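Using the numbering used here, you'd call the opening residue of the sequence shown number 2 and step up by one each time.
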Amino acid sequence: MITDPHDQLVDLAAHAGLSKDELEKRLGVSLNENKRQGHFRSLVRAALDLGLAPAMSLDFGMARKLTNAGVLGYALLGASTIREVLILTRRYYHLLVPDISVDVVFDGTYSRLRCTSHDPDPEVERFYIEAFFASVKQNGEFLVRSGSIAGPRHFSFSAPPYIQRYREVFGDQREMIFDSEFSELALAIESIDTPQATLDSATEALFREHCMTLLRGLGYKPQTSARVQQLLMSHRGSFPSAPEVAGQLGMSNTTLWRKLKGENTSYQMLLDQVRELLARRYLQDTILPVSEVAELVGFDDRTNFRRAFRRWTGQTPSEMRESST
2 MITDPHDQLV DLAAHAGLSK DELEKRLGVS LNENKRQGHF RSLVRAALDL
52 GLAPAMSLDF GMARKLTNAG VLGYALLGAS TIREVLILTR RYYHLLVPDI
102 SVDVVFDGTY SRLRCTSHDP DPEVERFYIE AFFASVKQNG EFLVRSGSIA
152 GPRHFSFSAP PYIQRYREVF GDQREMIFDS EFSELALAIE SIDTPQATLD
202 SATEALFREH CMTLLRGLGY KPQTSARVQQ LLMSHRGSFP SAPEVAGQLG
252 MSNTTLWRKL KGENTSYQML LDQVRELLAR RYLQDTILPV SEVAELVGFD
302 DRTNFRRAFR RWTGQTPSEM RESST
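See below:
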């Protein structure tokens, strides 16, 4: 799972020579209590007050890897278009850097990933924004498999004294624009809706690992059933129909129906099993709203998802989430 931001910043501070005792003394509470209260901002301010180099925000951001986020890593690696990558980034940005807001603005030339922090402290605001854009750079190069993530980077503050570190993280300084109205990454992409290129071998291996880890929760299945489940899982929320599955398996829809019947199952039963498995993981392992969980498992309507989930499990999605806490 993706490391909690509090824990990651504490580790980063320790490598920079700041002890946990120093941080707790500055905070006035234990690190565990500060984390329990969700006061990430207080930890950032304490670390900066104790001498954490401001450029460490970039190191913090580069270490925030969404592909390690369990079931969310599975969702991200399955993104079929660059637009979907951007939308998923907007949806899950709080896992990267808390206490900011993110929006995606599409225009004729660029797709603008805009980051806003309303923190009154300019040093804390800079930390958040730098960390977020560094994390986008780190995750974007891995998740975007076609097109380009290169483009102008606008910052709503002046160029820092550690501009060389910016070059190392972001590349060409000519693409960095400071003292802008907004802090945003303008992605120069020819077609954000073009299907992405095939996963490279390393990414494909990671995606398959996520899929197989999830599928193990369904137990042993006969050959055809297992192949159908693997196909459904590999398509994430955009599940193929029974005829589409049959075509991908090189057989007619009638043959698929007959083989699955011989294994005492059906396409719909297997689809429901995959949906239930994913829904359970999203509800138990994330704090995503139920409406977003519904969308991720292929339901356009929250009411229909709630009804289906209760049929599968005997519980509503909210009851499942409460019982797992």
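Beta carbons: idealized from backbone N, C-alpha and C, even for Gly. Predicted, not measured: the structure shown is a model, and the values here were computed from it.
{"Asked": "Expected contact under 8 Å - CB spacing of SER136 and GLY248 to nearest Å", "Found": "The pair is not a contact, with the Cβ atoms about 39 Å apart (cut-off 8 Å)."}
{"Asked": "Chain-order list of residues whose beta-carbon lies under 6 Å from that of TYR94 (same chain, five-residue window excluded)", "Found": "VAL103"}
{"Asked": "Buried versus exposed, by CB contacts within 10 Å (16 or more), GLU185", "Found": "buried"}
{"Asked": "Collapsed DSSP secondary structure at ARG113 in the structure displayed", "Found": "strand"}
{"Asked": "Bridge-paired residues (DSSP) for SER184", "Found": "CYS116"}
{"Asked": "Per DSSP, cross-strand counterpart(s) of ARG154", "Found": "MET177 and LEU186"}
{"Asked": "Backbone secondary structure at VAL30 - three-state DSSP", "Found": "coil"}
{"Asked": "Minimum C-alpha distance to SER242 - residue among ARG259, LEU271, LYS260 and THR266", "Found": "LEU271"}
{"Asked": "Beta-carbon proximity list for GLN316, same chain, < 8 Å, skipping 5 on both sides", "Found": "PHE310 and SER324"}
{"Asked": "Own chain partners of PRO244 with C-beta closer than 6 Å, once the 5 adjacent residues on each side are dropped", "Found": "ASN254"}
{"Asked": "Inter-residue Cα distance where the pair is ALA47 and LEU278", "Found": "41 Å"}
{"Asked": "Minimum C-alpha distance to ARG166 - residue among ASP100, ALA227 and SER58", "Found": "SER58"}
{"Asked": "Simplified DSSP assignment, three categories, for SER292", "Found": "helix"}
{"Asked": "Integer-rounded CB distance, given that PRO153 should sit under 8 Å from ALA187", "Found": "5 Å"}
{"Asked": "Where VAL98 falls: helix, strand or coil (DSSP)", "Found": "coil"}
{"Asked": "Residue(s) in a DSSP beta bridge with ASP104", "Found": "ARG115"}
{"Asked": "Cβ-based burial, PHE41 [other Cβ within 10 Å; buried from 16]", "Found": "buried"}
{"Asked": "C-alpha distance - VAL291 paired with LYS262, whole-angstrom precision", "Found": "33 Å"}
{"Asked": "DSSP state of THR255 mapped onto helix, strand, coil", "Found": "helix"}
{"Asked": "Close-in-space but distant-in-sequence residues of the same chain around THR256 (CB under 6 Å, 5 per side omitted)", "Found": "none"}
{"Asked": "Closest by C-alpha distance to SER239, when choosing among LYS36, GLU23 and SER81", "Found": "SER81"}
{"Asked": "Closest Cα partner of SER118 within the set ARG307, GLY251 and PHE183", "Found": "PHE183"}
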